[in-house]
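Below: one structure, written as structure tokens.
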Amino acid sequence: YASIKENNATAKLEFRKTVIGTKPAPEVDRYSSRGPFTSFPQILKPDILAPGTLILSAWPPVKPVAGTRTRPLYSGFNLLTGTSMAAPHVAGVAALIKQVHRDWSPSAVKSAIMTTAVTLDNPLAVGAGQVSVNRVLDPGLIYDTTPQDFIN
1 YASIKENNAT AKLEFRKTVI GTKPAPEVDR YSSRGPFTSF PQILKPDILA
51 PGTLILSAWP PVKPVAGTRT RPLYSGFNLL TGTSMAAPHV AGVAALIKQV
101 HRDWSPSAVK SAIMTTAVTL DNPLAVGAGQ VSVNRVLDPG LIYDTTPQDF
151 IN
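Residue numbering for the sequence shown is 1 to 152, as defined by the UniProt record's numbering.
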């Protein structure tokens, strides 16, 4: 398409309609882990959820994204899914927190992320909820814990 249009390809995304009876995003995808961890039920994971399904990501331009063996389609981008797509979202939120609250410990940053998350479901199954960029910079109460706090 791009070669036909002399590399002046355009795309348009538009909202068509709301479908009654469907659950709106965000939601936990079927492939995602649920807590508690079956081998160690006293360990509650995951802690937080972040977007990780069909994320537009950088892609090696020499590796096909689609097509056939004889007609591969190359691109510098691809839609990817998984923890490796969700983790950068949370890392970005943590970086925003550290920009505003430079003196906060990793534990305080984690607390801010978890206590401001949007609850989606049973916290024992999906953690604190969906990470909320809008609420995380002013969390109110945070828990600045250390390993010793859990031993005592």
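Beta carbons: idealized from backbone N, C-alpha and C, even for Gly. Computed from a prediction, not measured in an experiment: that's the story for all the values here.
Three or more Cβ pairs drawn from the region 126-140 and the region 78-96 lie within less than 8 Å of each other, which places the two stretches in contact. DSSP places Ile55 within a strand segment (E or B) once states are collapsed to three.
Arg30 and Phe40 have their C-alpha atoms some 22 Å from each other. The three-state reading of DSSP puts Ala125 in helix, counting H, G and I together.
The continuous stretches of beta strand (DSSP E) do not include Phe150, which lies in the alpha helix (DSSP H) extending over residues Pro147 to Ile151. The Cβ-Cβ distance between Ala50 and Val100 does not fall below 8 Å. Looking from the CA of Val126, the closest CA among Lys63, Glu27, Gly21 and Arg135 belongs to Glu27. With a minimum length of 3 residues, there is no unbroken run of beta strand (DSSP E) contained wholly in the region 79-103. Inclusion of Phe77 and Trp59 in the CB contact set at 8 Å is warranted, their separation being smaller than that value. Look at the beta carbons and you see the region 133-143 touching the region 107-118: at least three pairs across the two are nearer than 8 Å. Judged by DSSP in its simplified three-state form, Ala11 adopts coil rather than helix or strand. In the three-state scheme derived from DSSP, where H, G and I count as helix and E and B as strand, Pro36 is classed as coil.
By a beta-carbon distance limit of 8 Å, Ala94 does not contact Val118. Their separation comes to about 17 Å.
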